[in-house]
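J.: Have a look at this one.
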Amino acid sequence: MFSGVSNFTDSVDRTTMFIFLVSLFFLVFISVVMIYFVIRYNKKRNPKSEHIEGNLTLEILWSVIPLGLVMVMFLKS
Numbered sequence: 001m002f003s004g005v006s007n008f009t010d011s012v013d014r015t016t017m018f019i020f021l022v023s024l025f026f027l028v029f030i031s032v033v034m035i036y037f038v039i040r041y042n043k044k045r046n047p048k049s050e051h052i053e054g055n056l057t058l059e060i061l062w063s064v065i066p067l068g069l070v071m072v073m074f075l076k077s
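With the first letter of the sequence shown counted as 1, position 3 gets the number 3 in this note's numbering; the numbers rise by one all the way through.
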């Protein structure tokens, strides 16, 4: 981005860009999924709600994947 002022600017720029791109990806992904679910499961189409049981595999995945991403960001910096 800028001319190198110190020896560390390239790695800091790459880390910052990586964190920005991961954040941008998840912003767009979560927004699209949220809009999809709002349209699909609105009250007009589904007037009676259903009871949904938990899914242990899914709950473990959405805990482990963010942990992995945060660890990669931590190790890159």
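A virtual CB, placed ideally from N, CA and C, is assigned to each residue, including glycine.
Is M73 close to the ligand PLP? I mean its beta-carbon at under 7 angstroms from any heavy atom of the ligand.
T.: For the structure depicted, the ligand PLP is absent and the ligand set is empty, with no information on it obtainable.
J.: Return yes when the Cβ of V22 is within less than 8 angstroms of the Cβ of L69, no when it is not.
T.: Position 69 of the sequence shown holds residue 69. Position 22 of the sequence shown holds residue 22. Going by C-beta atoms, L69 is nearer than 8 angstroms to V22.
J.: Short of 8 angstroms in beta carbon distance, which residues of its chain neighbour F18, apart from the five on each side in sequence? Order them along the chain.
T.: The residue given as residue 18 occupies position 18 in the sequence shown. Answer for F18: M73 and K76, listed in chain order.
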